[in-house]
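All residue numbers for the sequence shown refer to numbering that gives the first Met the number 0, where the first residue is 0 and numbers rise by one.
Structure first, then comments.
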Amino acid sequence: MHMGIIVAVDVGGTQLRAASYAKGQVKPVAQKRVETLANQPGAFERLIKVIEDVFPKDRKVDAIGVASPGPLDPYTGYLLAPPNIQQWHNFALTPQLSKHFGVPAFLDNDANLACLAEWKFGAGKGHRDVLYLTVSTGVGGGVIIDDRLLQGYHGMAAELGHTTVQADGPLCGCGQRGHLESFSSGTGIEHFVANQLRAGRESVLHPDKNNSARDISEAAKRGDALSIEAYAIAGKYLGIGVANFLHAFDPSVVIFGGGVSQSGPLLFEPFDISLKERVIHPRYLEGLVVTRAELGDDAGLLGARALAEVKLQK
Ligand SMILES: [Zn+2]
């Protein structure tokens with residue numbers, strides 16, 4: 000069967016990226032990025048422009064795939080309330096793109112599509128059941144079951160960062176308490192340290208400074224007890240969360256993306272201990288691969304591409 004070009008789009012709060020891909024080729028034919036300028040009008044026009052810049056003139060485009068921050072509805076292509084892009088609340092993103100470019104357009108959230116990309120092109124290749132977690136300012140998740148992306152009835156499945164791991168725990172970015180994200184994200188680590196410093200805890204970190212998760216990991220590597228504890232707590236709750244996810248999905252690979260997941264043993268030693276303590280049967284861990292994401296910044300684009308390819312095959 001003839002396959003033309005897939006145009007992939009990654010919508011972010013700071014950057015809009017687009018790339019066009021030919022079937023079977025990993026490298027894009029063309030790619031472009033611009034600033035989102037989310038607070039200035041005309042974000043959709045900027046998006047159209049960046050897509051036009053990679054849209055081939057002489058070859059057929061089969062579909063457009065779009066990765067965007069959620070919440071969104073992958074079945075209708077509406078963005079519901081993307082953080083940082085106020086002008087796109089209840090916005091018919093892919094219906095409008097489809098109308099403008101005259102080709103089908105498909106949408107899903109960036110974490111789900113990073114999962115899809117890692118399964119198709121990266122660390123999850125060859126696995127049928129994949130759990131993906133991105134640990135950065137927040138915690139996002141994606142799940143592949145039986146070689147299919149889990150989307151759910153409303154298209155809102157796999158919000159794994161908002162799993163409750165401690166009732167009445169710290170405040171989460173979503174406004175609720177005790178979610179995995181409130182302990183294990185960079186923001187969670189920063190909040191823990193700031194609270195402890197404010198309470199007078201000894202540390203090489205200064206209470207009046209905005210200490211980033213990276214500052215804290217560097218202090219931890221220099222032996223700062225408070226910073227080590229912050230990562231130990233993040234790792235412990237990450238283990239609790241992943242134990243829950245193993246019980247729910249029983250994957251053969253757990254893939255970690257995001258900046259915080261690059262902190263190494265600081266996070267993953269307590270994670271391992273916690274995970275082993277909490278699985279209800281050691282069989283969940285037999286043959287389980289725990290690994291780092293391979294696709295970095297391109298995961299959104301490659302996931303958007305994979306989404307379009309999967310949808311076209313249906
Ligand atoms: Zn939450």
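For each residue, glycine too, the CB sits at the ideal point set by N, CA and C.
Query raised in the report: I think Ala110 touches Gly141, with their Cβ atoms under 8 Å apart; what is that distance to the nearest whole Å?
Result: Within the sequence shown, the letter at position 111 stands for residue 110. Within the sequence shown, the letter at position 142 stands for residue 141. For Ala110 against Gly141, the beta-carbon gap comes to about 5 Å, under 8 Å, which counts as contact.
Requested in this report: Leaving aside the five residues before and after Glu308 along the sequence, list all residues of the same chain whose C-beta is less than 7 Å from its C-beta, in chain order.
Outcome: In the sequence shown, counting from the first residue as 1, residue 308 sits at position 309. When the five nearest sequence neighbours on each side are left out, the beta carbons in the same chain lying within less than 7 Å of the beta carbon of Glu308 are those of Ile5, in order along the chain.
Query - Tyr131 - containing beta strand (DSSP E), residue span - result: Residue mapping note: residue 131 aligns to position 132 of the sequence shown, counting from 1. Element bounds for Tyr131: Val129 to Val134.
**Report entry** Coarse secondary structure for Asn38, derived from DSSP in three states
**Finding:** Translated into positions along the sequence shown, residue 38 becomes position 39. Three-state result, Asn38: coil.
Query - Ordered list of beta strand (DSSP E) runs contained in the stretch 279 to 310, each at least 3 residues - result: 288 to 291
Query raised in the report: Start and end of the alpha helix (DSSP H) containing Arg213?
Result: As a first step, residue 213 must be located in the sequence shown, where it is residue number 214. Where Arg213 is concerned, the enclosing alpha helix (DSSP H) stretches over Ala212 to Lys220.
**Report entry** Those runs of the alpha helix (DSSP H) which lie wholly inside the stretch 32 to 104 and span at least 4 residues
**Finding:** 42 to 53 and 92 to 100
Requested in this report: Please confirm whether any heavy atom of ligand 1 lies closer than 8 Å to the CB of Ser181.
Outcome: Walking along the sequence shown from the start, residue 181 turns up at place 182. Yes; taking the cut-off as 8 Å, the Cβ of Ser181 has a heavy atom of ligand 1 nearer than that.
Query raised in the report: Got a sec: does ligand 1 put a non-hydrogen atom nearer than 8 Å to the Cβ of Gln175?
Result: In the sequence shown, residue 175 corresponds to position 176, counting from 1. At least one heavy atom of ligand 1 is nearer than 8 Å to the Cβ of Gln175, so yes.
Query raised in the report: Using a Cβ-Cβ cut-off of 6 Å (strictly less than) and excluding sequence neighbours within five positions of Val252, which residues of its own chain qualify?
Result: Counting from one through the sequence shown, the residue named residue 252 turns up at place 253. The answer, listed in chain order, is Gly123, His126, Val129 and Val288.
Report task. With a threshold of 8 Å, establish whether the CB of His153 neighbours any heavy atom of ligand 1. Result -> By 1-based counting over the sequence shown, the position of residue 153 is 154. Flag unset: Cβ of His153 not near ligand 1.
Query raised in the report: Using the rule of at least 16 other Cβ atoms within 10 Å of the residue's Cβ for burial, across every protein chain shown, is Glu285 buried or exposed?
Result: For this step, residue 285 is matched to residue 286 along the sequence shown. Glu285 comes out exposed.
Query raised in the report: Going by the beta-carbon positions, is the gap between Val53 and Asp9 smaller than 9 Å?
Result: Taking the sequence shown and counting its residues from 1, the one referred to as residue 53 is at position 54. Taking the sequence shown and counting its residues from 1, the one referred to as residue 9 is at position 10. Between Val53 and Asp9, the C-beta spacing is not below 9 Å.
Query raised in the report: Can Gly168 and Ser184 be called in contact, C-beta distance under 9 Å?
Result: Position 169 of the sequence shown, counted from the first residue, corresponds to residue 168. Position 185 of the sequence shown, counted from the first residue, corresponds to residue 184. No, the pair does not count as a contact, with Cβ atoms beyond the cut-off.
Report task. Consult DSSP for Thr334 and reduce its assignment to one of helix, strand or coil. Result -> In the structure as shown, the chain begins at 0 and stops at 313. Residue 334 is therefore absent and cannot be evaluated.
**Report entry** Proximity below 9 Å, CB of Lys31 to CB of Ala18
**Finding:** Working through the sequence shown from its first residue, we reach residue 31 at position 32. Working through the sequence shown from its first residue, we reach residue 18 at position 19. Going by C-beta atoms, Lys31 is nearer than 9 Å to Ala18.
Query raised in the report: Between the stretch 237 to 251 and the stretch 205 to 224, are three or more C-beta pairs nearer than 8 Å?
Result: no
Query - Nearest to Lys26 (by Cα), restricted to the options Gln39, Ala7, Thr35 and Pro40 - result: As a position in the sequence shown, residue 26 is number 27, starting the count at 1. Of all alpha-carbon atoms in Gln39, Ala7, Thr35 and Pro40, the one lying nearest the alpha-carbon of Lys26 is that of Ala7.
**Report entry** Glu44 versus Gln95: straight-line alpha-carbon distance, rounded
**Finding:** In the sequence shown, the residue the question calls residue 44 occupies position 45. In the sequence shown, the residue the question calls residue 95 occupies position 96. So the two alpha carbons sit approximately 11 Å from each other.
Query raised in the report: Is Leu112 buried or exposed, if buried means 16 or more other CB atoms sit within 10 Å of its CB?
Result: Here residue 112 refers to the residue found at position 113 when the sequence shown is read from its first residue. Buried, by the Cβ-count rule.
Query raised in the report: Within the chosen definition, does the stretch 238 to 245 reach the stretch 267 to 287 through at least 3 CB pairs nearer than 8 Å?
Result: yes
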